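Asker: Going by our numbering, the sequence shown opens with residue 176, and the numbers climb by one from there.
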Amino acid sequence: MIPSPNLDDRSFDDIVEEAIRLIPQYCPTWTNFNKADPGITLLELFAWMTEMVIYRLNRVPDKNYLAFLNMLGMELRPPQPARTIVQFEVSEKIDQLRLPAGTRLTTKPADDQPALLFETEQDLVAMSNKLVRCMSQYNQMFSDNTPFVAGQSGAFEVFGGARSIERYIYLGDARFSAFSEDAILIVRFEQQSAGEREFPDLLEWEHWDGARWRELVRAPMELERNTVAFYGPAVFEPTAINEVESWWIRGRLFELPESEEETVLDVIQARLEILGEGVRPEHAISNFEGGAFQTLDLDKNFLPFGKAPQVDATLYLASEEVLGQPDTLVRIDVELSDQTVAEAPRASADLVLRWEYFNGKRWKVLGRCKAADHSVETEHEFTDGTRCFTESGSVSFRRPSDLAAGEAGGTEALFIRCRLELGSYGTPGTYELDDDTWVWKDDNPLRPPHLKSLVFKFQEEAHFVERCLVYNDFIYADNSKVAATEYKPFQVFQPATEESPTLFLGWEAPFPNETCQIYFNVVDADLRGGRAAVAGFEDRGDRSLEQRVVWEYWNGKTWQAIAPRDSTENFTQPGFIEFTGPPDFRKSRRFGDSLYWMRARLEVGGYDEAPRVDCVMLNAVYASNLTTYGETMLGSSAGTPNQRFSFPRAPVLNGEVITVLEPERPMGAELEQVLAFAGEEGVV
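Below, the structure is given as structure tokens:
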């Protein structure tokens, strides 16, 4: 507000300077302007008197203002004591403490000022309860106001929301441990009635790398509807979600569905594939030449059965990453060495290779392949596209369910092995004596398999994911069972439960069944700036519509109205919310915390300026800088008229009670005078 200008702004010095400046004009013969001159002394005296007149003149507008107020029937308030809000801290050992009105408090004395005395204005039930969380929510937006409730970090909008509510679906499975750079994860979401958009397209997918959630890169593959494929991440670590440890991926809902059908799922299935370049064996060990075990160097061309393979020569291969995955179709890609390095292998007609696995007790057959007719005997969908290591190709089989770790050359791991059961890859040439001549005989040339590379690949059968957690409205829900049960559709993302702007207060404990009060320091609108109306009411035409804020608490089943005495007038001014503590106050989980929640819901109306609060206090009460004296005797009547009695202490503040004890009830005209002065309550 711009202050009103004075009628005359001149000061004492201004008047003296102006008078001295005019002396040559009116008194040319006066040339001595020193302060010792009597004329200058008289001039300063009249300047002081003029300043007093100007002071009274400048007060005329204020006196006129008061006169106008009197004409309107307004009266000045009586003297008011200093007033403040005081908050009591209660020991944790005490549940509640009753403080009657008039409880005296003192400030700490300063060096040059004594301590000030205050008295509480109302009864107060102080309690050891604490405000743990303060949240605002409106539709999909929320704000965590907890850092501001102590009054030291600024103000917050009561019904505002600054961040959108995050919604996630978490998929966890122990098999995802093999989801590495060499793998592809394919996830299929089945729906009974498909929406316009596919479910995976509504989500942003992430994985945990041990420090933070990182984006999963989608693989551009032709897949069925509602199916998505991801390239394996460079780093993938297990973590705990809602106290459940697993290998997790998650999808964050970034686009609201146009209809609820788009987020209704039936079952969720996933499968891993390691294709591409594949995975090299962790251990490759050959057993030949007298039963000795030899570790093979897979970085070079190598001989799986040695230079001169013999019966029972064995190749051991181990891969925890591949063979550790149940219900998988395992494939071993074999590439022969270039013919410039070694000639193509040649198998005898009776050659038989026996592929085996260890079941914890003995080696059992995976499959047998014969070189003569390229036939295969199998129990586990075994195929041999290498034709007994004579061609580049693949060996594949269904992983046995009873595959267990075995030992080879002192190394324990998940091994499979290939054993030369019959036949050979030729025999070494020899010199034979023919009519006194040594002749080189090489009728069955020795050409053992010579390999350039050998890698594992696998493809899982689609299976239901072990864990499916959904994070909705700050609450986790375990949908693992229903996500693995066909024909039992479930809604993944629940709509926002709060349609009205709402303030939530989460308390550590319930309130006692006593009168309780919470103080809200609502910031003045002049200090808030001219912001627009609270979110959600920009298009409301009638701004004069009164607000209606409904206070409720959770009773274990539903939100129950409190009906408090609201001196904040629906958050339009600082004040108290006064209510009786409900006996059926119950805990509920909201915003990730299990607390005793109460809420203030803007049911009707809006605000031209969004209400802001910079402090929320429990155990608070008004206190005034005054001292109450009771039963003070002012004096006794001497039986003469017009007697005066003075209060021993001043000033006397509003609210005083003066009692006159009469020997008998006044009658007639005297009673009428008393009633006219004090009203019907003046006579007891």
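We put the CB at the ideal spot given by N, CA and C, even for glycine. For clarity, every value in this text was computed on a predicted model and none was experimentally measured.
Looking at LEU528 and ARG543, is the spacing between their C-beta atoms short of 9 Å?
Answerer: For ARG543 and LEU528, yes; Cβs fall inside 9 Å.
Asker: Expressed to the nearest angstrom, what Euclidean distance is found between the alpha-carbon atoms of GLY481 and HIS625?
Answerer: In this model, GLY481 and HIS625 are separated by some 9 Å (Cα to Cα).
Asker: Rounded to whole angstroms, what is the Cα-Cα separation between GLU784 and GLN297?
Answerer: 31 Å
Asker: Quick one, which of ASP287, LEU346, PRO816 has its alpha-carbon nearest ALA415's?
Answerer: LEU346
Asker: Should THR503 be labelled buried (16 or more other beta-carbon atoms within 10 Å of its own) or exposed?
Answerer: buried
Asker: Any chance the segment 515-522 sits against the segment 368-385, with 3 or more Cβ pairs inside 8 Å?
Answerer: Contact fails: fewer than three Cβ-Cβ distances are below 8 Å.
Asker: Helix, strand or coil for GLY857? Go by DSSP, reduced to three states.
Answerer: helix
Asker: Can you name, in chain order, every residue of its own chain whose Cβ lies under 8 Å from the Cβ of GLU496, other than the five neighbours on each side?
Answerer: ALA353, SER355, ILE449, VAL454, GLU457, PHE631
Asker: So, does the segment 679-695 touch the segment 745-763, judging by three or more C-beta pairs under 8 Å?
Answerer: yes
Asker: Do you know whose CA, among VAL698, ARG765, TRP772, lies nearest TRP726's CA?
Answerer: With distances taken between Cα atoms, TRP726 lies closest to TRP772.
Asker: Look up TYR201 in the DSSP assignment and say whether it is helix, strand or coil.
Answerer: helix
Asker: In whole angstroms, what separates the C-alpha of ASP768 from that of VAL261?
Answerer: 29 Å
Asker: Any contact between the segment 262-275 and the segment 299-311? By contact I mean 3 or more CB pairs, one from each, below 8 Å.
Answerer: yes
Asker: Does the separation of the CB atoms of VAL697 and PRO749 fall below 9 Å?
Answerer: yes
Asker: Assuming ALA349 and SER421 form a contact by the criterion Cβ under 8 Å, report the distance between their Cβ atoms to the nearest whole angstrom.
Answerer: 7 Å
Asker: Who are the near neighbours of PRO203 in its chain, counting only those whose CB is closer than 8 Å to its CB and skipping five residues on each side?
Answerer: none
Asker: Tell me, please, whether the segment 462-471 touches the segment 571-587 by the rule of three or more beta-carbon pairs shorter than 8 Å.
Answerer: In this structure the segment 462-471 touches the segment 571-587; the number of beta carbon pairs closer than 8 Å is three or more.
Asker: Considering just the uninterrupted stretch of the alpha helix (DSSP H) at LEU644, what are its terminal residues?
Answerer: No alpha helix (DSSP H) holds LEU644; the beta strand (DSSP E) holding it covers 642-647.
Asker: Thinking PHE649 and PHE766 are a contact (beta carbons under 8 Å), I'd like their distance in whole angstroms, please.
Answerer: With a Cβ gap of about 4 Å, PHE649 and PHE766 count as contacting.
Asker: Which whole-angstrom value describes the C-beta separation of VAL796 and THR295, a residue pair presumed to lie in contact below a C-beta threshold of 8 Å?
Answerer: 5 Å
Asker: On the three-state DSSP scale, how would you describe LEU391?
Answerer: Three-state result, LEU391: coil.
Asker: Please decide whether GLU365 counts as near chain C, where near means a Cβ-Cβ distance under 9 Å.
Answerer: The chain inventory of the structure shown lacks chain C, comprising one protein chain alone.
Asker: Taking a contact to mean a Cβ-Cβ separation below 9 Å, would you say CYS643 touches ILE361 in this structure?
Answerer: no
Asker: Measure the beta-carbon distance from PRO823 to THR807 and round it to whole angstroms, keeping in mind my assumption that it falls under 8 Å.
Answerer: Contact holds; Cβ gap of about 7 Å.
Asker: Between ARG342 and ASN654, which are expected to be in contact by the criterion C-beta below 8 Å, what is the C-beta distance as a whole number of angstroms?
Answerer: In fact, because the Cβ distance is near 13 Å, the residues do not count as touching under 8 Å.
Asker: Entirely within the segment 334-404 and at least 3 residues each: give me those beta strand (DSSP E) ranges in chain order.
Answerer: Counting only runs of at least 3 residues, the segment 334-404 fully encloses the following beta strand (DSSP E) elements, listed from N- to C-terminal order: 343-347, 358-364, 378-383, 388-390.
Asker: Would you mind stating whether TRP530 and ILE443 have Cβ atoms separated by less than 9 Å?
Answerer: no
Asker: Given that a residue counts as buried once 16 or more other Cβ atoms are within 10 Å of its Cβ, and exposed if not, what is ASP611?
Answerer: exposed
Asker: Skipping 5 residues on each side, what residues in its chain have a beta carbon closer than 8 Å to that of ARG787?
Answerer: Within the same chain, ARG787 has close Cβ partners ALA330, PHE331, GLU332, VAL333, VAL697, VAL698, ARG703.
Asker: Could you work out which residue in LYS536, ILE340, PRO575 is closest to THR553 when comparing CA atoms only?
Answerer: PRO575
Asker: Does VAL410 pass the burial test, meaning 16 or more other C-beta atoms within 10 Å, or should it be called exposed?
Answerer: exposed
Asker: Taking the alpha-carbon positions, what's the GLU607 to GLY451 distance?
Answerer: 51 Å
Asker: Terminal residues of the continuous beta strand (DSSP E) containing GLU496?
Answerer: Where GLU496 is concerned, there is no enclosing beta strand (DSSP E), although the alpha helix (DSSP H) it sits in stretches over 495-498.
Asker: Classify THR216: buried if its beta carbon has 16 or more other beta carbons within 10 angstroms, exposed otherwise.
Answerer: exposed
Asker: Cβ of LEU498 within 9 Å of Cβ of LEU589?
Answerer: yes
Asker: Might you give, ordered along the chain, the residues of its own chain that have their beta carbon closer than 6 Å to the beta carbon of ARG363, omitting 5 neighbours on each side?
Answerer: THR402, GLN444
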